[in-house]
Amino acid sequence: AGYLSIPFVLLTLGYIFAPTEGDSSPEERAKLTITRRPLSVIGHFSVVAVESLKYYFFALLRSPLAMLFLVPVTAVYASSFFEGEHLEHIKVPVFYIEFFVWWVGLGVLSSIGLGTGMHSGFLFLFPHVIEVTLAAQACKHLNFESYSSIWWRRSPEAFQCIDSPTAEEATFWGIAAKAMVPAVLWGCGTAVGEIPPYAISLAARNARISNSQFDEMKEEIAREKNSKSTLLHAKAAIENWMVDFLQRNGFMGVLLMAAWPNAFFDLCGICCGHFGMPFWKFFGATLIGKGFMKVPMQVFVIVTAFSDRFLKPVLHTVASITPEAWEIDEKLEGALEKYKSKFKNKSIAPKGDSLLKKAWSTFLIFAIGYFIVSSMEQFAQQRSAELARRKKAKDVKSD
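Position 170 (the sequence shown) corresponds to 154 in our numbering; numbering is contiguous.
As structure tokens, this is what we get:
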């Protein structure tokens, strides 16, 4: 309990002693990092965190629909922490609440933060889909439990074959469907994570003030365009095309940008907010593209790659259209086999495997820590820019 209180103490102290002035130049704001100016970062972030919590709390209180949904859900989940006969009756609802929050939350963490998001797809979702695929391949049916592997815990029955005469055959579509629910929830979460940059950019436009996010984005594109580096020049050209494409095509533009693993999608929310696109138009296109187009395609690719039965025709096609000397099919098969070995026979793994598990847990801790620190630095830099903008506007007005 003592360790859990440390973040709250830091948040409180940071809010009380937060800086009241910002850095006017982008160069100075870039120095606002946890290693160079830790107290300033904590102070700025504390104010952003507290103000955001207050805003969303009162926004929820004003929404009858949200209260109608959140109050009973919160009450049911809170009651699970108290002993009593009611626990048997709320076991299933509590599991579904945890399942929903886990996968949607991981999706939000993946896309929030303008490039600093935690890669929860590679850390959690894709390994889960691979494990479902390998279990279906080993069992030769779909009669195994796969949903309890959440919140860093799983039931002993997870991914264990259960003999049943009525078990469903492990077809391609059956395997994909079994892995699809967590995947779609995660994809919807990534769409939610794109809302903050859109909202900030839209608020700046509506208030008719300088949009620091959009301005810095355009400055970065201009620097890349004038760079001698071919890669940076190509990146600037892609980003410029993307901005124009979004402005010309609206809903369909956002949908097409969201429907594939797009490394430049961080720009989309900023641009759509700056251009004044309505919220539901932006969010609807992002939700459909990310949650119901991109993620299902990723699931199909993983199921194909990690199922021998479905992979062989693909490798045969690859071998037939590439030079034999390249041996691309053999190299792909070898790489996938090495990756598969990490997931096979987990339930009967030798004791020496505990070292690998500890290494993976350590990696996850560092990955999550890096995400938290990066997010804090970004929010601190944004608040610093906003304070500098307000001071400049006040000085101009007083003159």
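For glycine and all other residues, C-beta sits at the position ideal for the given N, C-alpha and C. Small disclaimer: the values here were computed from a predicted structure and weren't measured.
{"Check": "Which class does glutamate 321 belong to by DSSP, given the choice of helix, strand or coil?", "Outcome": "helix"}
{"Check": "Thinking just about the alpha-carbon of each residue, which of Leu93, Phe235 and Arg46 is nearest to the one in isoleucine 356?", "Outcome": "Leu93"}
{"Check": "Near alanine 50, which residues of its chain fall below 7 Å by C-beta distance, leaving aside the five closest residues on each side in sequence?", "Outcome": "Leu44"}
{"Check": "Please confirm if the segment 144 to 164 is in contact with the segment 246 to 254, defined as three or more CB-CB distances below 8 Å between the two stretches.", "Outcome": "no"}
{"Check": "Whole alpha helix (DSSP H) runs in the segment 172 to 255 with 4 or more residues, listed along the chain?", "Outcome": "179 to 190, 196 to 209 and 214 to 242"}
{"Check": "Run through DSSP, which three-state label would alanine 142 get?", "Outcome": "strand"}
{"Check": "Let me check one thing: in DSSP terms, what residues is glutamate 129 bridge-paired to?", "Outcome": "Ala142"}
{"Check": "With a CB to CB cut of under 7 Å and the five nearest residues on each side skipped, what residues in its chain are close to phenylalanine 83?", "Outcome": "Tyr131 and Ile134"}
{"Check": "Compute the beta-carbon to beta-carbon distance between alanine 384 and serine 8, rounded to the nearest angstrom, for a pair I have assumed lies under 8 Å.", "Outcome": "Residue 384 cannot be examined here, being either before or after the span of the chain that is shown, -15 to 383."}
{"Check": "Whole angstroms is fine: what's the gap from tyrosine -1's alpha carbon to lysine 75's?", "Outcome": "38 Å"}
{"Check": "Applying the 10 Å Cβ sphere with the 16-neighbour rule, what's the burial state of isoleucine 26?", "Outcome": "buried"}
{"Check": "Out of Val113, Leu299 and Val227, point me to the one whose CA is closest to methionine 164's CA.", "Outcome": "Val113"}
{"Check": "Excluding sequence positions up to five away, which residues of its chain have a Cβ less than 6 Å from the Cβ of valine 385?", "Outcome": "There is no way to answer for residue 385, as the model of the chain reaches only from -15 to 383."}
{"Check": "What three-state label does DSSP hand alanine 333 in the structure shown?", "Outcome": "Per-residue confidence for alanine 333 stands at a pLDDT of 38, beneath the threshold of 50, marking its modelled position as unreliable; no derived number is given."}
{"Check": "Taking the straight line between their C-alpha atoms, what separation do you get for alanine 59 and lysine 124?", "Outcome": "41 Å"}
{"Check": "Per DSSP, glutamate 153 is paired with what?", "Outcome": "His125"}
{"Check": "Between Glu5, Val302, Phe(-8) and Leu118, which has its C-alpha nearest lysine 376's C-alpha?", "Outcome": "Glu5"}
{"Check": "Which first and last residues belong to the alpha helix (DSSP H) in which threonine 58 is found?", "Outcome": "48 to 63"}
{"Check": "Could you tell me which residues DSSP puts in a beta bridge with arginine 137?", "Outcome": "Ile134"}
{"Check": "So isoleucine 96 and glutamate 361 are supposed to be a Cβ contact under 8 Å. How far apart are they, rounded?", "Outcome": "The Cβ separation is near 14 Å, so there is no contact."}
{"Check": "For valine 287, which of Val380, Leu37, Lys15 and Thr117 has the nearest alpha-carbon?", "Outcome": "Thr117"}
{"Check": "Could you have a look at alanine 2 and say whether DSSP puts it in helix, strand or coil?", "Outcome": "coil"}
{"Check": "Under 8 Å, do glycine 275 and valine 238 count as touching if we go by C-beta distance?", "Outcome": "no"}
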